[in-house]
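Chemist: Reminder that position 12 of the sequence shown reads as 12 in my numbering, one-by-one numbering, no gaps.
Using N, Cα and C, we set each Cβ at its ideal position, and we do this for glycine too.
Being a predicted model, the structure only gives us computed values, none of them experimental.
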Amino acid sequence: MVHRESVEETHQGIPRNEIPWFPKIDVSRCEGCSSCVEFCSQNVFAFFEGKSQVVRPQNCIVGKSSCKDFCPDNAISFPTRTQLKETLSELKCKLSQG
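#1: For PRO23 versus PHE78, is the C-beta distance shorter than 8 angstroms?
#2: Cutting at 8 angstroms between CB atoms, please list the residues of its own chain near VAL37, excluding the five before and the five after it.
#3: What does the Cβ neighbour count give for GLN42, buried or exposed, with the cut at 16 atoms within 10 Å?
#4: Does the separation of the CB atoms of GLU8 and ILE61 fall below 8 angstroms?
#5: Among all the DSSP beta bridges, which residues are the ones paired with LYS85?
#6: Buried or exposed: ASN17, going by 16 or more other Cβ atoms within 10 Å of its Cβ?
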């Protein structure tokens, strides 16, 4: 049985569903090995029609991108750390303004 960490409802006080941090799969590169499905403890991925797909993007832990390193096809991408920092800063500012 895979250990599953709890899904974040907020991150740094920001509702998780407002944070665009989740993997994207380049289906043209995915060879269907399912390494990401097996690796991810958050059940972000599922395997359909011979390819891995992101089915629960909001389950992804903000800032974590370890699954990318497990993909032998380099088919998984995430926003850059700079983009994440900028987005979090903008969302915090927006929340503080009410």
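Modeler: The answer reads as follows:
#1: yes
#2: PHE45, ALA46, PHE47, SER52
#3: buried
#4: yes
#5: In DSSP, LYS85 forms no bridge with anything.
#6: exposed
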